[in-house]
Amino acid sequence: MRLRLISVMSQLLVPRVDRSKILLFQELYFGKKKAPIKSTVKEAVCTICEKGLEEGVSVTGKQIGQKMRFFCQYHLPKDI
Ligand SMILES: [Zn+2]
Numbered sequence: 088m089r090l091r092l093i094s095v096m097s098q099l100l101v102p103r104v105d106r107s108k109i110l111l112f113q114e115l116y117f118g119k120k121k122a123p124i125k126s127t128v129k130e131a132v133c134t135i136c137e138k139g140l141e142e143g144v145s146v147t148g149k150q151i152g153q154k155m156r157f158f159c160q161y162h163l164p165k166d167i
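Positions 88 to 167 (the working numbering) are the ones given, in order, by the sequence shown.
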């Protein structure tokens, strides 16, 4: 009973830890401005479709203003 509770708690704690890491990343990289992207910085997923690196998908970083955004080859803005 006690062990079971601990395992349930650790499952609940893991996503909370990850989320606070993500928030910390956004604080560090974007300052007080709200970042419209939900993705983590280290995962580098497309800002628009949230595709990550996978077979046939390339993700490119683009500096837009002060923010680094990532785009797959389909959504990469060509005029910036
Ligand atoms: Zn995309």
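Yeah, the Cβ is synthetic: ideal placement off N, Cα and C, and Gly gets one too.
None of these values were measured; they are calculated from a predicted model.
query: Residues near LYS149 in its chain [Cβ-Cβ closer than 8 Å; skip 5 each side]; result: MET155, ARG156, PHE157, PHE158, LEU163, PRO164 and ILE167
query: CYS136 classed as buried or exposed, judged by whether at least 16 other C-beta atoms fall within 10 angstroms; result: exposed
query: Helix, strand or coil at GLY148 according to DSSP, with G and I counted as helix; result: strand
query: Contacts around GLN160, its chain only, beta-carbon distance under 6 Å, and the 5 residues preceding and following it disregarded; result: SER145
query: Distance cut-off 7 Å: LYS138 Cβ against heavy atoms of ligand 1; result: yes
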